[in-house]
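Numbering (the working numbering), first residue to last: 30 to 338. One structure is given below, encoded as structure tokens.
Structure (structure tokens):
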């Protein structure tokens with residue numbers, strides 16, 4: 030081989046190795062459930078290798094972790110959580126994993142509401158399951174709060190991967206601008222409703238932040254079991270409240286059993302108006318595969334039901 034060609038080949042190899050060595054592996058990120066996973070993907074883009082533990086249409090409150098989840102957390106650089114005791118499975122999973130990852134609660138620093146009665150119920154296969162917690166964890170139901178999640182994700186990624194911080198911040202800024210547009214659209218849609226047509230019934234009390242932000246009242250069978258005389262009395266009280274408030278619609282949720290709602294609907298003359306997405310996104314082929322799509326779907330479903338004749 031001519032000396033000049035040999036030298037060129039060596040330079041090419043050195044250049045290749047140099048470029049390869051500077052291309053760091055993607056940041057290893059675990060998100061606890063689908064809504065956070067979507068936000069993390071928006072901020073991280075191709076710079077992160079993202080795993081979401083609780084799948085779309087699944088309830089994080091009753092999720093049972095798998096060995097693969099502990100392995101993912103063990104390998105992670107950053108674990109994104111909601112906090113406020115939303116993921117009841119998480120503390121034991123982190124302990125089992127032995128991870129050195131940064132554990133980030135995305136609700137840190139955001140305004141939160143106290144949880145009436147110290148918790149709320151989910152209905153799974155007809156069974157009432159109590160989720161204890163001092164604060165309502167469904168903070169993302171306000172788009173302004175969702176922007177706080179995005180800021181916290183960006184800060185976490187920058188802390189773990191300073192070399193790519195500028196890109197994370199740019200992605201977060203772009204996403205936050207789209208969230209501002211979403212927030213304005215929701216406000217315009219709700220503001221167009223008559224003031225006396227802004228009450229709906231839902232499966233569990235997951236929409237208090239939406240209520241505070243946008244002015245829709247949500248009634249729910251919080252604390253109501255499906256068995257026993259006390260449950261019957263509680264349901265009767267809720268039915269009276271629904272009638273007094275002139276609730277205009279009743280919705281199922283993608284993570285909740287609808288049988289109790291159907292019973293309430295029979296007593297109040299309301300029929301199920303569709304499905305709202307509260308604690309989880311839909312699958313890719315559903316109406317709420319992203320956070321933005323979820324909020325648009327919920328708003329559209331609510332306004333359509335409340336304006337129907």
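Backbone N, C-alpha and C define an ideal beta-carbon position, used for all residues, glycine too.
- The three-state secondary structure of residue 319, taken from DSSP, is coil.
- Under the 10 Å beta carbon count, residue 270 is surrounded by fewer than 16 other beta carbons and is classified as exposed.
- Here residue 112 is buried: its Cβ has 16 or more other Cβ atoms, across all protein chains shown, within 10 Å.
- Just measuring C-alpha positions, the residue of 81, 284, 337, 290 sitting nearest residue 268 is 290.
- For residue 170, the closest alpha carbon among the candidates 238, 296, 221, 85 is that of 238.
- Listed as beta-bridge partners of residue 62 by DSSP are 83.
- In the three-state scheme derived from DSSP, where H, G and I count as helix and E and B as strand, residue 78 is classed as strand.
- Proximity to residue 318 across 57, 70, 56, 54 peaks at 70, based on C-alpha coordinates.
- Look at the region 79 to 145 and you find these whole runs of alpha helix (DSSP H), each 4 residues long or longer: 96 to 104, 119 to 126.
- Residue 274 and residue 228 do touch by the CB rule: their CB atoms are close to 5 Å apart, below 8 Å.
- Sequence-distant Cβ neighbours of residue 84 in its own chain, meaning closer than 7 Å and more than five residues away, are 63.
- For the options 276, 87, 312, 286, the alpha carbon positioned closest to that of residue 335 is the one of 276.
- According to the DSSP assignment, residue 280 belongs to the beta strand (DSSP E) that extends over 278 to 282.
- Residue burial is scored here from C-beta neighbours: residue 144 has at least 16 other C-beta atoms within 10 angstroms and is therefore classed as buried.
- Judged by beta-carbon spacing, residue 55 lies beyond the 8 Å limit of residue 115, meaning their Cβ atoms are not closer than that value.
- Under the rule that a run must span 3 or more residues, the beta strand (DSSP E) segments found entirely inside the region 226 to 252 read 228 to 230, 246 to 248.
- Where residue 297 is concerned, the enclosing alpha helix (DSSP H) starts and stops at 288 to 297.
- With contact defined as three or more Cβ pairs closer than 8 Å, the region 67 to 81 and the region 117 to 129 are not in contact.
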